[in-house]
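Chain order of the listed sequences is A and B. First residue of the first sequence? That's 454 in our numbering, and the numbers climb one at a time after it. First residue of the second sequence? That's 454 in our numbering, and the numbers climb one at a time after it. Beta carbons: idealized from backbone N, C-alpha and C, even for Gly. Beneath this line is the structure, given in structure tokens, with notes to follow.
2 protein chains.
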Amino acid sequence: MKIHYPNGQPFHYNNDKSESRKKQKQVKYSNRGMTLEKELNLTNQQYLNENLAVIHKKPTPIQVVKVDYPRRSAAKITEAYYRRSSTTDYNGVYKGYYLDFEAKETKNKSSFPLNNFHEHQIQHMQQSCAHGGICFTIVRFSSLNEIYLLEAEFLFKWWDQQFLEDGRKSIPLASIKNECAQIPYGYNPRIPYLQVIDQLIEEKNSK
Amino acid sequence: MKIHYPNGQPFHYNNDKSESRKKQKQVKYSNRGMTLEKELNLTNQQYLNENLAVIHKKPTPIQVVKVDYPRRSAAKITEAYYRRSSTTDYNGVYKGYYLDFEAKETKNKSSFPLNNFHEHQIQHMQQSCAHGGICFTIVRFSSLNEIYLLEAEFLFKWWDQQFLEDGRKSIPLASIKNECAQIPYGYNPRIPYLQVIDQLIEEKNSK
Numbered sequence: 454m455k456i457h458y459p460n461g462q463p464f465h466y467n468n469d470k471s472e473s474r475k476k477q478k479q480v481k482y483s484n485r486g487m488t489l490e491k492e493l494n495l496t497n498q499q500y501l502n503e504n505l506a507v508i509h510k511k512p513t514p515i516q517v518v519k520v521d522y523p524r525r526s527a528a529k530i531t532e533a534y535y536r537r538s539s540t541t542d543y544n545g546v547y548k549g550y551y552l553d554f555e556a557k558e559t560k561n562k563s564s565f566p567l568n569n570f571h572e573h574q575i576q577h578m579q580q581s582c583a584h585g586g587i588c589f590t591i592v593r594f595s596s597l598n599e600i601y602l603l604e605a606e607f608l609f610k611w612w613d614q615q616f617l618e619d620g621r622k623s624i625p626l627a628s629i630k631n632e633c634a635q636i637p638y639g640y641n642p643r644i645p646y647l648q649v650i651d652q653l654i655e656e657k658n659s660k
Numbered sequence: 454m455k456i457h458y459p460n461g462q463p464f465h466y467n468n469d470k471s472e473s474r475k476k477q478k479q480v481k482y483s484n485r486g487m488t489l490e491k492e493l494n495l496t497n498q499q500y501l502n503e504n505l506a507v508i509h510k511k512p513t514p515i516q517v518v519k520v521d522y523p524r525r526s527a528a529k530i531t532e533a534y535y536r537r538s539s540t541t542d543y544n545g546v547y548k549g550y551y552l553d554f555e556a557k558e559t560k561n562k563s564s565f566p567l568n569n570f571h572e573h574q575i576q577h578m579q580q581s582c583a584h585g586g587i588c589f590t591i592v593r594f595s596s597l598n599e600i601y602l603l604e605a606e607f608l609f610k611w612w613d614q615q616f617l618e619d620g621r622k623s624i625p626l627a628s629i630k631n632e633c634a635q636i637p638y639g640y641n642p643r644i645p646y647l648q649v650i651d652q653l654i655e656e657k658n659s660k
């Protein structure tokens with residue numbers, strides 16, 4: 454007899470604990486990403502409505518393998534796989550500046566693990582910075598419900614030190630509190646990060 | 454007996470000629486898009502390699518409906534649909550400027566049909582321009598093998614006039630030749646469009 458979970462998904466016996474734990478972890482990560490992503494999408498929509506900035510999330514890259522063309526209906530993709538993105542998730546234009554950023558969530562309460570990033574994302578931010586873009590990361594500590602904006606330079610510094618002997622694999626929250634701006638929750642926009650960008654632009658221009 | 458084409462696709466009798474013609478047309482359009490897209494991707498990669506600019510094509514937006522998680526292998530998407538993009542296809546940063554553009558191909562020999570654009574793409578370019586971005590369209594006349602860079606302002610002018618009485622539904626090639634820069638084919642990069650952007654930036658700064 455096939456047993457199904459209440460959500461209709463079939464139940465599989467799985468004795469491979471590590472595999473199962475890994476899968477659970479993956480699911481959790483993607484859920485966490487969703488929430489911040491949704492709030493940022495609403496924020497960006499609000500910025501667009503107010504005619505303040507044009508920032509969009511890039512679509513998730515998907516490798517399409519098989520497509521069906523049912524008659525009189527939309528093309529149906531029947532086999533496809535997620536691909537790793539070669540850039541960050543968000544970019545756009547604000548006050549003539551190119552903005553480029555990544556959004557990350559962590560349940561960690563005392564530090565932000567650097568393995569939230571892939572090498573190529575850091576590289577992409579380094580390249581974008583080098584050409585005059587404003588790059589940063591929005592990090593939510595979901596257990597604390599606190600959001601910070603990490604400037605790219607700050608992130609690069611921590612990224613690089615991890616490869617040194619005794620390098621830390623995470624950024625302590627204390628350092629983030631000390632050197633980065635906290636983004637207060639708003640009603641609309643919910644994550645008013647452009648306030649922080651305004652400061653960055655001011656600093657940039659006063660240099 | 455089931456008949457198959459040499460490529461393994463089953464053959465279907467189809468008396469609905471208009472449907473069949475429509476499908477053929479769709480296939481052709483997407484093939485045409487591919488070629489220019491590939492050349493632009495190579496061009497952008499070359500610009501990245503030369504550390505000149507960071508421009509990427511955005512992934513095609515896909516609505517994922519069903520995903521299988523086979524044990525010990527990558528998540529497999531088993532039902533998904535193409536969505537209409539809410540932006541243009543390419544963006545990035547060059548000399549501190551936000552660049553945003555769309556690439557289009559036409560087999561037409563004397564004009565560029567405006568129905569190659571969706572209203573929302575024009576709107577996105579208008580918004581990006583308003584915030585200081587440099588927006589444009591790269592058009593290939595594939596039968597003539599000529600490529601032009603249409604500045605956003607030029608495109609907007611033609612887009613708007615189509616809604617007037619006796620408005621044209623396409624931009625005459627003569628007007629494009631007259632008011633837009635042709636991009637000469639290169640070896641590497643193949644479509645050296647940043648040459649034209651340099652001129653636009655110069656004009657922008659001399660205003």
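Could you name the residues of chain A that residue i contacts, counting a contact when the two beta carbons are closer than 8 Å?
i	result
B/ASN544	ASN544, GLY545
B/PRO514	PRO512
B/TYR535	ALA527, ALA528, ILE530
Tell me where the alpha helix (DSSP H) around residue i begins and ends.
i	result
B/CYS582	572-583
A/THR496	470-502
A/GLU656	647-659
A/ALA605	605-614
Below 7 Å CB to CB, which residues in the same chain sit around residue i once its five sequence neighbours on both sides are set aside?
i	result
A/GLY486	In this prediction, A/GLY486 scores a pLDDT of 41, lower than 50, which makes its location untrustworthy; the coordinate-derived value is nonetheless stated afterwards. Taken in chain order, the residues that qualify are GLU558.
B/VAL517	ILE530, ALA533
A/VAL480	The predicted model places A/VAL480 with a pLDDT of 41, which falls under 50 and marks its position as unreliable, so this point remains unresolved.
B/ASP469	Low per-residue confidence applies at B/ASP469: pLDDT is 47, beneath 50, and the placement is therefore not dependable enough to give any value.
A/ARG643	GLU492, LEU495, THR496
A/LYS478	Confidence at A/LYS478 is low in this model, with a pLDDT of 45, below 50, so its placement is unreliable and the value that follows should be read with caution. Within the same chain, A/LYS478 has no close Cβ partners at all.
B/ASN484	Note on B/ASN484: pLDDT 37, under 50, position unreliable in the model; no value is reported.
B/GLY620	GLN614
Going along chain B, which residues have a C-beta under 8 Å from residue i?
i	result
A/GLN580	LEU501, ASN504, VAL507
A/SER539	HIS509
A/GLU532	LYS529, ILE530, THR531
Closer than 6 Å by C-beta to residue i: which residues in its own chain qualify, once you throw out the five before and the five after it? Chain order, please.
i	result
B/ASN641	GLN499
B/ARG536	PRO514, GLN516
A/ASN497	ILE508
A/THR540	HIS577
B/GLN635	TYR601
B/VAL520	ALA528, ILE530
B/ASP651	none
B/GLU618	none
B/ASP553	THR541, ASN544, SER581, GLY586, CYS588
B/GLN648	none
Going by C-alpha distance, which of the options is nearest residue i?
i	options	result
A/TYR586	A/GLU599, A/GLY545, A/ASN598	Looking at the sequence shown, residue 586 of chain A is not Tyr but Gly. Checked all of A/GLU599, A/GLY545, A/ASN598; the closest Cα to A/GLY586 is A/GLY545.
B/GLN580	B/SER595, B/ASN598, B/PHE609	B/PHE609
A/GLN594	A/PHE616, A/LYS562, A/GLN615, A/CYS633	Note on identity: in this sequence residue 594 of chain A is Phe, with Gln being the wrong assignment. Considering only alpha carbons, the answer is A/LYS562.
B/PHE607	B/ASP619, B/VAL592, B/SER596	B/VAL592
A/GLN574	A/PHE589, A/ASN598, A/SER659	A/PHE589
B/ILE654	B/GLU604, B/TYR543, B/GLY620, B/ARG621	B/GLU604
A/ASP542	B/LYS511, B/GLN648, B/SER538	B/LYS511
B/SER596	B/LYS560, B/LEU602, B/ARG525, B/LEU489	B/LYS560
B/ASN631	B/SER564, B/LYS622, B/TRP612, B/TYR551	B/SER564
B/GLU503	B/LYS660, B/LEU602, B/PRO645	B/PRO645
A/SER538	A/LYS548, A/CYS633, A/GLU555, A/SER659	A/GLU555
A/TRP612	A/GLN648, A/PRO566, A/LEU505	A/PRO566
A/ALA506	B/PHE616, B/TYR551, B/ILE650	B/TYR551
B/ASN658	B/CYS633, B/LEU489, B/LYS548	B/LYS548
B/GLU599	B/GLY620, B/TYR638, B/GLN615, B/ARG621	B/TYR638
What does residue i reach in chain B if we use C-beta pairs closer than 7 Å?
i	result
A/TYR640	Neighbours of A/TYR640 on chain B: none; closest Cβ ~24 Å, over 7 Å.
List the residues of chain B whose Cβ lies closer than 9 Å to the Cβ of residue i, in chain order.
i	result
A/GLY585	VAL546, TYR547, LYS548, GLY549, TYR550
A/THR496	Those within 9 Å of A/THR496 in chain B number zero; the least Cβ separation is about 16 Å.
In the DSSP assignment, the beta strand (DSSP E) including residue i goes from what residue to what residue?
i	result
A/SER564	564-566
B/SER623	623-625
B/PHE589	587-594
B/LYS548	First-last for B/LYS548: undefined, no H or E at that position.
B/ASP521	515-521
A/LYS529	529-535
A/LYS511	A/LYS511 -> no beta strand (DSSP E), and no H or E assigned at all.
Apart from the five residues on each side of it in sequence, which residues of its chain come closer than 8 Å, Cβ to Cβ, to residue i?
i	result
A/PRO523	LYS529
B/CYS633	TYR601, LEU602, LEU603, GLU604, PHE607
message: Under 8 Å: do the stretch 560-576 of chain A and the stretch 488-508 of chain B share three or more Cβ pairs, one atom per stretch?
response: no
- prompt: Are the stretch 617-628 of chain B and the stretch 574-588 of chain B touching by the rule of at least three beta carbon pairs closer than 8 Å?
  reply: no
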